[in-house]
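A.B. asks:
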Amino acid sequence: MREHWEREVCGSRYGENFLTDRRRFFAEIERARYHQDYMISEFARFEEARGKRVLEVGLGAGTDFVQWVRHGATAYGRDLTTASVEMVRERLALENLAADVGLGDAEDLGEFPDNFFDVYYSWGVLHHTPSPERALAEAHRVLKPGGVLKIMLYHSPSVGVFLVWVVHGPLRFRWIGPGSAYAHYVESPGTRAFSVAQIKAALGRLFDPESISCRTYLGSGDLLTHKRSTRYSAAHWRLLQAVYPRWFVRRVLGHRLGSVLTVEATK
Numbered sequence: 368m369r370e371h372w373e374r375e376v377c378g379s380r381y382g383e384n385f386l387t388d389r390r391r392f393f394a395e396i397e398r399a400r401y402h403q404d405y406m407i408s409e410f411a412r413f414e415e416a417r418g419k420r421v422l423e424v425g426l427g428a429g430t431d432f433v434q435w436v437r438h439g440a441t442a443y444g445r446d447l448t449t450a451s452v453e454m455v456r457e458r459l460a461l462e463n464l465a466a467d468v469g470l471g472d473a474e475d476l477g478e479f480p481d482n483f484f485d486v487y488y489s490w491g492v493l494h495h496t497p498s499p500e501r502a503l504a505e506a507h508r509v510l511k512p513g514g515v516l517k518i519m520l521y522h523s524p525s526v527g528v529f530l531v532w533v534v535h536g537p538l539r540f541r542w543i544g545p546g547s548a549y550a551h552y553v554e555s556p557g558t559r560a561f562s563v564a565q566i567k568a569a570l571g572r573l574f575d576p577e578s579i580s581c582r583t584y585l586g587s588g589d590l591l592t593h594k595r596s597t598r599y600s601a602a603h604w605r606l607l608q609a610v611y612p613r614w615f616v617r618r619v620l621g622h623r624l625g626s627v628l629t630v631e632a633t634k
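In terms of the numbering used here, the sequence shown opens at residue 368 and continues consecutively.
(1) Shortest alpha-carbon distance to Ala560 belongs to which of His402, Glu383, Ser525?
(2) Could you check the C-alpha separation between Val531 and Tyr549 for me, to the nearest Å?
(3) Mind reading off the beta-carbon distance from Leu628 to Leu520? Whole number of angstroms is fine, and I expect it under 8 angstroms.
(4) Quick one: complete beta strand (DSSP E) runs, 3+ long, within the stretch 466–496?
(5) By DSSP's criteria, Asp446 is part of a beta bridge. Which residues make up the other side?
(6) Output needed for Glu397: all residues of its chain with C-beta closer than 7 angstroms, excluding positions within five of it in sequence on either side, in chain order.
(7) Where DSSP assigns a beta bridge to Leu573, which residues make up the other side?
(8) If Glu423 and Ala442 are in contact, beta carbons under 8 angstroms, what's the gap, nearest whole angstrom?
(9) Indicate the three-state DSSP secondary structure (helix, strand or coil) for Val627 in the structure shown.
(10) Counting Cβ pairs closer than 8 angstroms, one from the stretch 457–472 and one from the stretch 481–493, do we hit at least three?
(11) Between Asn384, Leu606, Ala428, which has its C-alpha nearest Leu400's C-alpha?
(12) Just to confirm, is the Cβ distance from Lys517 to Ala411 under 8 angstroms?
(13) Can you give me the start and stop residues for the alpha helix (DSSP H) that Ser547 sits inside?
(14) Classify Ile579 as helix, strand or coil using the three-state DSSP reduction.
(15) DSSP three-state label for Ala504, please.
(16) Reducing DSSP to helix, strand and coil, say where Met519 ends up.
(17) Less than 8 angstroms between the beta carbons of Arg329 and Asp481, yes or no?
(18) Quick one: what does DSSP say Gly513 is sitting in, helix, strand or coil?
(19) So, do the stretch 496–516 and the stretch 470–486 have three or more beta carbon pairs nearer to each other than 8 angstroms?
(20) Taking buried to mean at least 16 other C-beta atoms within 10 Å of its own C-beta, is Trp542 buried or exposed?
Structural data, given as structure tokens:
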């Protein structure tokens, strides 16, 4: 997993046309992120974090992390990769901002004491870690009583999971299930997708079940609006992306079959 994300910091491909102009590079990444993941700002509510201690786990290019800092949070960021940590530090320096950014593992946050953070935030990260259950337990441990967990996980059943399965399973005469296809062919090896029931059951052992709220959204993986990786650079993938019936996905299938699952819970 680490090797995958060291090769390409998550989200950085959206700025690759401006590698020598670093301000433009980060601006393009930010523009693309909040266009593709249009639900982030409403979910994260960065403006409510002023004066609060926030931990973000899994930083990518640092787009969300910078929002916490801009809005006055005491922000701590941890990522498994050196590439991400260096990129986020560069981004902060460009804006003359300061925050605690370093290497860290979602499954082992032992550097932090119990009951330390007001907010634990992780967008699209914990479904990559070998033991999401252990990561959730660590999130619960470091949150203060009354602290809030805010995470995004990939959702199943969803359009995105179905597409990956069809393309890498039946169409290639591979007799594998959707979960296996997702684990092998989406981003880093071992990627998982969760049902609402699964995540509520996992969190219900740690957090007040009444405080757990889940919502699903159609994301770029359902609508095929994302910038394709080198794995999907061939002409037939470009054609598929061009003719894909997004109107049907939006109007008929809807958010209930979206692959973006936002989860919030209070300790």
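Where a beta carbon is used, it is the ideal one built from N, C-alpha and C, also for glycine.
C.D. replies: Working from what's here:
(1) Per the Cα distances, Ser525.
(2) Roughly 6 angstroms separates the two Cα atoms.
(3) About 5 angstroms; that satisfies the 8 angstroms criterion.
(4) Taking only runs of at least 3 residues, the beta strand (DSSP E) segments lying wholly in the stretch 466–496 are 467–470, 484–490.
(5) Leu470.
(6) Same-chain partners within the cutoff: Thr430.
(7) Its beta-bridge partners do not exist; DSSP assigns none.
(8) The pair is a contact, with the Cβ atoms about 7 angstroms apart (cut-off 8 angstroms).
(9) In the three-state scheme derived from DSSP, where H, G and I count as helix and E and B as strand, Val627 is classed as strand.
(10) These segments do not touch.
(11) What sits at residue 400 in the sequence shown is Arg, not Leu. Scanning Asn384, Leu606, Ala428 for the CA closest to the CA of Arg400 turns up Ala428.
(12) Using a Cβ distance threshold of 8 angstroms, Lys517 and Ala411 count as a contacting pair.
(13) Run containing Ser547: 545–552, per the alpha helix (DSSP H) assignment.
(14) Note: Ile579 maps to coil in three-state DSSP.
(15) In this structure, DSSP gives Ala504 a helical state, which the three-state scheme calls helix.
(16) If DSSP states are grouped into helix, strand and coil, Met519 belongs with the strands.
(17) Residue 329 is absent from the structure shown; the chain starts at 368 and stops at 634.
(18) Judged by DSSP in its simplified three-state form, Gly513 adopts strand.
(19) Counting Cβ pairs under 8 angstroms, three or more are found: they touch.
(20) For Trp542, the number of other beta carbons within 10 angstroms of its own is below 16, and it is reported as exposed.
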